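Before any comments, here is the structure.
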Amino acid sequence: MTAAPPQRPASAEPDRRHRRRQRTRAAIEAAALELFTAQGFGATTVEQIAEAADIAPRTFFRHFPSKDAVLFGDPAHEAERMREVIAELPAEVPPLRAVATAMLDAADRMEPDRAQHLMRARLLDNLESGCDYELQLLKQRWVQDIAEVVAERLGTGTDDPRAAAWTMTLMACFGAAVHSWLVRTDDRPLRAIFVALLAETGGGLVEFAERTG
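Going from the sequence shown to the numbering used here is simple: count from 1 and add 63.
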């Protein structure tokens, strides 16, 4: 009698689909950034990006709402990932630590694609004023998304000043860490830069509070 094949874990197929989705998303980003660099953001179409990534245009839109989201970032996608990471943490983990943990997850995901992120940073530096305004709106949306996560962890609303204050502090630290990571000539990981910056910032704030409290 032939033995039945071993059962595949229930999570195997979803994990495989997630990895395949992430590979496709990364391929779209790489193709788009190369086209943006070669011929300009405005001159590049979604159809050209899809062709370069060897996908159908409809597949592009399964991963990004527009070509702007490839260059500027997709706050909704990142907020969803952040919520997933935080949801897996125990309820007793404080909000600041929970969001910092989600940002460390982002740092780990960014690490293998440093060259790609450097290309994006250079493109953003050369944006026209209209695009720069759009980028600021997206950053504002990103702050709002994270502040909602912090407020949920606090069990309050986004009118709680801690939600906005802690969000902007963490985002400033993460943004500064990313900038340092991109311009450094050594191979120090983004995670290490971010953790060190958080520690120094937190220590400085504690010292200030103790002196003025």
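C-beta atoms are modelled at their ideal positions from N, C-alpha and C, and glycine is treated no differently.
Everything numeric in this text was worked out from a predicted model, so none of it was measured.
Exposure of H81, with buried meaning 16 or more beta-carbon neighbours within 10 Å: Answer is exposed; the Cβ neighbour count stays below 16.
Nearest-angstrom Cα separation, counted from V109 out to F123: In this structure, the straight-line span from the alpha carbon of F123 to that of V109 is close to 8 angstroms.
6 angstroms Cβ shell around A170 - same chain, five flanking residues per side excluded: Around A170, the same chain offers L253, R254 and F257 as residues with beta carbons nearer than 6 angstroms, after the five sequence neighbours per side are excluded.
Cut-off 7 angstroms between Cβ atoms - residues of its own chain near L181, not counting five sequence neighbours on either side: Contacts found: L245.
Alpha carbon of D156 to alpha carbon of A163, nearest angstrom: A small correction: the amino acid at residue 156 is Val; Asp does not occupy that position in the sequence shown. So the two alpha carbons sit approximately 11 angstroms from each other.
Buried/exposed call for V269, threshold 16 Cβ in 10 Å: V269 is exposed by the Cβ-count criterion.
Contact under 8 angstroms by Cβ, R204 with P138: A distance below 8 angstroms separates the beta carbons of R204 and P138.
Simplified DSSP assignment, three categories, for V156: In this structure, V156 counts as coil in the three-state DSSP scheme.
Cβ neighbour criterion (16 or more within 10 Å) applied to G104: The sequence shown places Phe at residue 104, not Gly. Buried, because 16 or more other Cβ atoms sit within 10 Å of the Cβ of F104.
Touching by the beta-carbon criterion (3+ pairs, under 8 angstroms), the region 219 to 239 and the region 147 to 154: Segments in contact, no.
Sequence-distant residues of its chain with Cβ nearer than 7 angstroms to R183 (five each side left out): Cβ-Cβ distances below 7 angstroms link R183 to L96 and L134 in the same chain, with the five nearest sequence neighbours on each side left out; the list follows chain order.
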